[in-house]
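S.K.:
In the UniProt record's numbering, the protein residues as written are 1 to 163.
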């Protein structure tokens, strides 16, 4: 007997994880130098996820910008059957009391972008579209950041999709 996947592909799993964007030298002038950032991503999966009663998967990305790590920390949760469950999982993955949900998506992708001390979220049908939308939500670089060599290209982190 050959067992195959359903017509819509292999079973989906509810996925959650944590991203950390290190801000080296952020204490001096409170800036993020684009060339001095690194990204660490870890993730965990759970049992196979079921679409919600409405037939959709939900995604949330929660962030903390003020924590003992001195970093931007993001918790992601995708493939959840409802938005409230995705929000709760993302906040839990973020891991700090001051985390807040910055991106929500139904059947799409989400991304977080940062420049200087500004952080913004974006949603889209693809990771690229979500990243572009997150960048578009950022304010322009500050004059002080531009003069001090910061304020360059934004960094995109915590990119994740449903499905």
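Beta carbons: idealized from backbone N, C-alpha and C, even for Gly.
1. So what does DSSP say about residue 138, is it helix, strand or coil?
2. With residue 78 as the anchor, note down where its beta strand (DSSP E) starts and where it stops.
3. My output table needs one value for residue 51: the three-state DSSP class, helix, strand or coil.
4. Which first and last residues belong to the beta strand (DSSP E) in which residue 118 is found?
5. Using CA atoms only, rank isn't needed, just tell me which of 109, 63 and 112 is closest to residue 92.
6. Does DSSP put residue 94 in a helix, in a strand, or in coil?
7. Can at least three beta-carbon pairs, one atom from the segment 99 to 115 and one from the segment 130 to 141, be found at a separation below 8 Å?
8. Check for me: the beta strand (DSSP E) holding residue 107 runs from which residue to which?
9. Ends of the beta strand (DSSP E) at residue 99?
10. Tell me whether residue 111 sits in a helix, a strand or coil according to DSSP, three-state version.
11. On the CB-based measure, 16 or more other CB atoms within 10 Å of its CB, does residue 70 come out buried or exposed?
12. So what does DSSP say about residue 87, is it helix, strand or coil?
13. Cα separation between residue 116 and residue 141?
14. Consult DSSP for residue 131 and reduce its assignment to one of helix, strand or coil.
15. CB-CB under 8 Å to residue 57, same chain, minus the five flanking residues each way: which ones, in chain order?
16. Looking at residue 113 and residue 156, is the spacing between their C-beta atoms short of 8 Å?
17. What residue does the beta strand (DSSP E) around residue 61 start on, and which one ends it?
M.R.: So, to answer that:
1. coil
2. 71 to 80
3. coil
4. 118 to 124
5. 63
6. helix
7. yes
8. Looking at the DSSP string, residue 107 is not in any beta strand (DSSP E), and its letter there is neither H nor E.
9. Here residue 99 belongs to no beta strand (DSSP E), and DSSP marks it neither H nor E.
10. strand
11. exposed
12. helix
13. 7 Å
14. helix
15. 12, 49, 51, 78, 79, 80, 81, 106, 107, 162 and 163
16. yes
17. 58 to 64
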